[in-house]
Structure formats: structure tokens, C-alpha cells
Amino acid sequence: MPHSVSNASTGLQAVILCGPGSSFPTFTSNPDENPKALLPIANRPMVWYPIDLCYRTGVSKITLVCPPSAAKAMKAAMGTNPHLTGLPMPRPEIVCPADLTQTTGTAEILRLPEIRNLITGDFIVLPCDLVCEFGAEQLLQAWMVKAASATDLLGSKGFSNGSRSRHSGGIGVWYETKNNVTVKGEETDFVATTALPQSATMPPKGSILANVSRVVYTMPTDALNDRMEDRKALALRHGLLRANPRIRMLTTHRDAHIYIFPRWVLDFIEANDRFESIDHGILQGRHRR
Numbered sequence: 094m095p096h097s098v099s100n101a102s103t104g105l106q107a108v109i110l111c112g113p114g115s116s117f118p119t120f121t122s123n124p125d126e127n128p129k130a131l132l133p134i135a136n137r138p139m140v141w142y143p144i145d146l147c148y149r150t151g152v153s154k155i156t157l158v159c160p161p162s163a164a165k166a167m168k169a170a171m172g173t174n175p176h177l178t179g180l181p182m183p184r185p186e187i188v189c190p191a192d193l194t195q196t197t198g199t200a201e202i203l204r205l206p207e208i209r210n211l212i213t214g215d216f217i218v219l220p221c222d223l224v225c226e227f228g229a230e231q232l233l234q235a236w237m238v239k240a241a242s243a244t245d246l247l248g249s250k251g252f253s254n255g256s257r258s259r260h261s262g263g264i265g266v267w268y269e270t271k272n273n274v275t276v277k278g279e280e281t282d283f284v285a286t287t288a289l290p291q292s293a294t295m296p297p298k299g300s301i302l303a304n305v306s307r308v309v310y311t312m313p314t315d316a317l318n319d320r321m322e323d324r325k326a327l328a329l330r331h332g333l334l335r336a337n338p339r340i341r342m343l344t345t346h347r348d349a350h351i352y353i354f355p356r357w358v359l360d361f362i363e364a365n366d367r368f369e370s371i372d373h374g375i376l377q378g379r380h381r382r
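This is the structure:
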């Protein structure tokens, strides 16, 4: 029988997006009958890896989000695949919003009423193709230390009453693409960051806090190049430069689509229905305010 989760609960819930994406077009020509989330990776369904990451991090309230057209295949796999039937209790829940299609953007997904209703607190958004040696515990620790208070993010002492406030921030992951194994033609993002206030204490050994920065602007590198070609210059808002006089610009990183958000982000998405995606919609819009 599946065993129950023994890790201490984090109080977070996870939303794993099980759409087709654009990374595996050769293998997902029929995403309804053969969802990308079920592609075998080392003899395990791809979606098993982000689910396992959640359990190891202490997140046991897990929701798999897929279009209604792929529900039959997903539910069949959850009931028959030994790697999925052997998952700890509580088992992941499959949610198939009526208006969700294979091309719905990530921000649009979080705007759907079925998703808004199931998210009751701070939450993690993960892709179904997250297969990597990723220290989620370190990310969670960094979020709790750096992003869980507007005092750290905004330098203001009036937002928090000693507990996590409605003004708490989120955290995401961008990774360096120029490493020992270079993928030809790999997409990258332009990311502008600024340093967070330094802590008075040294971070614990193995912490990623030293690598955490505040993102003030991001967009796909290809889109940036097109804009620069049209304008013959790199155009940045004066207000952004006034607020952040020391900006570090990165062009070889890529958004991993891993986010931890406070519940109020759903209200921000609901109030800004022009945003279609998290990475190039919400993150840009949030920094224009």
C-alpha cells in the first residue's frame, strides 16, 4: 500500500501544470492521448519527478492541472502506472478546468475559477517536465527568509506585523544555460536584477541566499533583440533606472518556470486580465506598477 508522507508540512500547496508546452513537439503530436506529462523518463512518467520533489520538500497537497481532453489519459495513468499508484498519501488530485485548452497561458490558467477556488494559501507552480537535481528545500528556505516579508523586498517596516503579511513576495528560478553542456539554439531570457538588502548574519552552509536577487525586468532574449533592432538601442524606463540605479543584466539565463507565490498574486492576476503568462506577463507587469 502507498505510504503516507512523513516530512514536516510546509503549509504550501503545489500546482503542477500538465500541458503540452513546446519542448517536445516530436513526442507530443497527440497531447490528448499521449500527454507530455506521461512521457517516460528513466522508466518513470515525467510528471512523477515534480510530484516526488513536492513530497521530499514537505508539500503534500498537490494538484495536477490538465485540459479536459487529456483527463482520460492522466486519470488512467494515475490508476494503473505502478510509479504513480505507489505515491505516498495523500495522492495528487487531477483538476481539469472546463475552459482549459492545450494552448492556455499559465497566467490564464491561474485565472480560471476552478484553480482560484482550490488555492487557499501560498502555493508553488511547477512544470510537469521538471527533471533535474534541484534543491527545492534550499529554494523554500530562501523564500521564507528573503521573500516572505515586504520588509526585505521593499525596505519598508510598515507592511508586516511579525507574521507573513498579505504583501509578502514570491520567488522564482532562472538557470545559467552556458555551462559544460551547451544546447544549440536554446532559448534564453533577458533578466535585469538588483541586489537585495544584506543580512546582518551569515547564511547557513549550503544556502542559496547569496545567489538570490530581486528581478526588476525580464523578457525573452529574442524579443529583446527584435526590439533593439527596431529602436536601434536598449530602451529601459527612466523610472526603473531611478528606482534601481545599480542593475545587473543577464542574457544567458532561462526561466525554469518554478515559482513560489503568496495567495494575493491570484488577485493581482485577476485584476490584470491582459496577462497571458507568468514569465513574460505577470513578472513584467508586476514591476511596471
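In this text, residue positions in the sequence shown follow our numbering: the first is 94, and each later residue adds one. Just so you know, even glycine gets a beta-carbon here, dropped at the ideal spot from N, CA and C.
| Query | Result |
| --- | --- |
| Since residue 308 and residue 333 should fall inside the 8 Å C-beta cutoff, what is the C-beta to C-beta distance between them, to a whole number of angstroms? | In fact, because the Cβ distance is near 12 Å, the residues do not count as touching under 8 Å. |
| Leaving out the 5 sequence neighbours to the left and right, which residues in its chain are closer than 7 Å to residue 358 when beta-carbon positions are compared? | 263 |
| Would you decide whether residue 204 is buried or exposed? Buried here means 16 or more other CB atoms lie within 10 Å of its CB. | buried |
| Give me the Cβ distance between residue 142 and residue 224, rounded to the nearest whole Å; I'm assuming they're in contact under 8 Å. | 5 Å |
| If we count Cβ pairs, one from each stretch, closer than 8 Å, do we get three or more for the region 170-185 versus the region 208-216? | no |
| Please name the residue in 178, 152 and 124 whose C-alpha comes closest to that of residue 160. | 124 |
| Could you give the distance in angstroms between the alpha-carbon of residue 323 and the alpha-carbon of residue 315? | 13 Å |
| Going along the chain, which unbroken runs of the alpha helix (DSSP H) with 4 or more residues stay wholly within the region 172-202? | 175-178 |
| Going by alpha carbons, who is nearest to residue 199 out of 191, 219, 180 and 188? | 219 |
| Comparing alpha-carbon positions, which option in 285, 168 and 104 lies nearest residue 327? | 285 |
| From the DSSP output, in three-state form, read off residue 369 for me. | coil |
| Given a cut-off of 8 Å on the beta-carbon distance, is the pair residue 146 and residue 140 in contact? | no |
| How should residue 292 be labelled, buried or exposed, when 16 other C-beta atoms within 10 angstroms of its C-beta is the threshold for buried? | exposed |
| Thinking C-beta only, is residue 127 closer than 8 Å to residue 170? | no |
| The alpha helix (DSSP H) that contains residue 389, what's its start and end? | Here the chain covers residues 94 to 382 and nothing more, so residue 389 does not appear. |
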